[in-house]
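Here is the structure we will look at.
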Amino acid sequence: MRCHRLTRVFTATKHFYNIDEPLFILQNGEPLTRALLNANLRELLNILGYAEQEYAPHSFRIGAAITAAAANLPPWLLKTLGRWRSCYELYIRTPGTIISFVPQKLAAVLNP
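For the sequence shown, full-length UniProt numbering assigns the number 1 to the initial residue and increments by one for each residue that follows.
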């Protein structure tokens, strides 16, 4: 598979609004499978010169959770979008810039 074909592998469809339908489908109408996504991701990483063992399709779930949290989406919506129970909390990584403000906030409460 050539790199230019990777951009045509899947297409977002009207199924986005139906939770029972696949979000991504191939040009032949079949759903994008985990195996195909993984194979294409590895091929693209190799083409771009990245170490494929450092990446996995699961990284997209983590990225989506972080992005949704950064957009201040409520936890119940994060859970719905990812079809998670509570494990989405494991994926959210708090940036160091936010953590660096914690001591100042706590000090402001203790020393008004």
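The beta carbon of each residue, even a glycine, is placed where N, CA and C say it ideally should be.
> For the alpha helix (DSSP H) that residue 103 lies in, which residues bound it at each end?
Replying inline: Annotation for residue 103: the continuous alpha helix (DSSP H) segment containing it runs 102-110.
> Which word fits residue 65, buried or exposed, when buried means at least 16 other C-beta atoms lie within 10 angstroms of its C-beta?
Replying inline: Answer is buried; the Cβ neighbour count reaches 16.
>> Just to confirm before moving on: does the CB-CB distance between residue 52 and residue 75 stay below 9 Å?
In response: Their beta carbons are not under 9 Å apart, which means residue 52 does not touch residue 75 by this criterion.
>> Could you compute how far the alpha carbon of residue 63 sits from the alpha carbon of residue 104?
In response: The alpha-carbon separation between residue 63 and residue 104 amounts to approximately 28 Å.
> Between the C-alpha atoms of residue 36 and residue 43, what's the straight-line distance to the nearest angstrom?
Replying inline: The straight-line gap from Cα to Cα measures roughly 11 Å.
>> Does residue 31 come out as helix, strand or coil in the three-state DSSP assignment?
In response: Residue 31 falls in the strand class under three-state DSSP.
> Which word fits residue 78, buried or exposed, when buried means at least 16 other C-beta atoms lie within 10 angstroms of its C-beta?
Replying inline: Answer is buried; the Cβ neighbour count reaches 16.
> Can the beta-carbon of residue 57 be found less than 9 Å from the beta-carbon of residue 83?
Replying inline: It is not a contact, given that the beta carbons lie outside the stated cut-off.
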